[in-house]
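*Asks:* Numbering follows full-length UniProt numbering, with no gaps: position 35 of the sequence shown is 35.
A virtual CB, placed ideally from N, CA and C, is assigned to each residue, including glycine.
Please find one structure pasted underneath; my questions will follow.
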Amino acid sequence: MDSLSTLGTPKTSTTTPINSSPPISSPSSPSQTSFPPSFSTPHVVVSPCAACKILRRRCVEKCVLAPYFPPNEPLKFTTAHRVFGASNIIKFLQELPEAQRADAVSSMVYEANARIRDPIYGSAGVICQLQQQVSELQEQLARAQAEVVNMQCQQTNLMAFIFMEMTQCSHSQNQQCFGSSDASPSTNTTSTDDHNMESSANLVNGGLFFEDNISVGTVWPLAI
């Protein structure tokens with residue numbers, strides 16, 4: 001019996017620590033609060049970039065192509081990969097500092113598009129076309145400037161001609177005004193001169209007729 005009592009006593013002793021466990025479970029709330037920092041880990045898990053997706057390889061955390069070929073722009077990498085190749089693109093980007101890689105990728109994509117359109121010249125063909133357009137526009141500008149200068153010369157000549165005509169008209173009008181004021185005395189003098197000439201002619205004719213009459217009168221009595 002004593003042994004049973006002794007066996008019973010440890011069972012009660014074992015139950016007491018079990019009852020004392022709830023206060024230990026109370027710090028479980030801080031463990032729940034510690035979960036939010038762990039949510040930052042899924043942020044690292046991102047879908048693979050367009051380059052790794054097309055190449056069918058695992059996109060690592062420090063992928064060189066991921067910042068420049070996002071997963072929503074697969075055509076960008078497809079075009080560059082078609083002309084340059086993935087290994088050359090990676091090698092070229094690794095040789096450049098990070099500040100220049102974005103410009104290098106955009107240049108490669110542009111060159112790849114130009115090379116697909118024009119396999120012979122690529123972007124140089126576009127540059128040649130633009131230079132031809134610039135030269136043609138410069139020629140058109142030179143012709144337009146020459147036409148403007150010609151029109152300006154014509155305008156200045158026309159204005160000078162109009163000014164000369166206006167001055168000549170005003171001068172002739174002034175002469176007509178002065179001539180009309182001096183015209184009446186001159187006509188009077190010419191009329192008087194003509195009258196004097198006519199009277200002198202009449203006098204001469206009358207004198208000759210009188211002299212003939214005198215001579216005839218003197219002859220007739222002598223003949224009788």
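Whole-angstrom Cβ separation of residue 225 and A112, contact assumed at under 8 Å?
*Replies:* Only positions 1 to 224 of the chain appear in the structure, and residue 225 is not among them; the question remains open.
*Asks:* Does the region 126–134 touch the region 91–109, meaning 3 or more C-beta pairs lie closer than 8 Å?
*Replies:* Cβ pair count under 8 Å is below three, so no.
*Asks:* Determine the contact status of A50 and F77, defining contact as a CB-CB distance below 9 Å.
*Replies:* Numbered from 1 along the sequence shown, position 50 holds the residue referred to as residue 50. Numbered from 1 along the sequence shown, position 77 holds the residue referred to as residue 77. The answer is yes: Cβ separation under 9 Å.
*Asks:* Please go through the UniProt domain "LOB" (47–148) and give each complete alpha helix (DSSP H) segment of 4 or more residues, from N-terminal end onward.
*Replies:* For the UniProt domain "LOB" (47–148), whole alpha helix (DSSP H) runs of length 4 or above, ordered along the chain, are 50–55, 74–83, 86–94, 98–117.
*Asks:* Measure the C-alpha to C-alpha separation of L158 and S135 and round it to an integer number of angstroms.
*Replies:* Here residue 158 corresponds to residue number 158 of the sequence shown, with the count starting at 1. Here residue 135 corresponds to residue number 135 of the sequence shown, with the count starting at 1. For L158 and S135, the distance between alpha carbons rounds to 35 Å.
*Asks:* Could you give the distance in angstroms between the alpha-carbon of R115 and the alpha-carbon of K53?
*Replies:* What you label residue 115 is simply residue 115 of the sequence shown in a count that begins at 1. What you label residue 53 is simply residue 53 of the sequence shown in a count that begins at 1. Computed Cα separation, rounded: 24 Å.
*Asks:* To which residues of the same chain is C63 closer than 7 Å at the C-beta, ignoring the five residues directly before and after it?
*Replies:* Here the question's residue 63 lines up with position 63 in the sequence shown. Taken in chain order, the residues that qualify are C49, C52.
*Asks:* Can you give me the C-alpha to C-alpha distance between Q154 and E147, rounded to a whole angstrom?
*Replies:* Sequence index remark: in the sequence shown, residue 154 carries index 154 (1-based). Sequence index remark: in the sequence shown, residue 147 carries index 147 (1-based). So the two alpha carbons sit approximately 10 Å from each other.
*Asks:* Could you check which residue in S47, R117, L55, Q133 has the C-alpha nearest to that of P70?
*Replies:* As a first step, residue 70 is located in the sequence shown; it is residue number 70 there, counting from the start. For P70, the nearest C-alpha among the options comes from S47.
*Asks:* Keeping to the same chain, check which residues put their C-beta closer than 7 Å to that of G122; ignore five residues upstream and five downstream.
*Replies:* Counting from one through the sequence shown, the residue named residue 122 turns up at place 122. Taken in chain order, the residues that qualify are E111, A114, R115.
*Asks:* Roughly how many angstroms lie between the CA atoms of E73 and Q133, to the nearest whole one?
*Replies:* As a first step, residue 73 is located in the sequence shown; it is residue number 73 there, counting from the start. As a first step, residue 133 is located in the sequence shown; it is residue number 133 there, counting from the start. Their backbone Cα atoms lie some 33 Å apart in a straight line.
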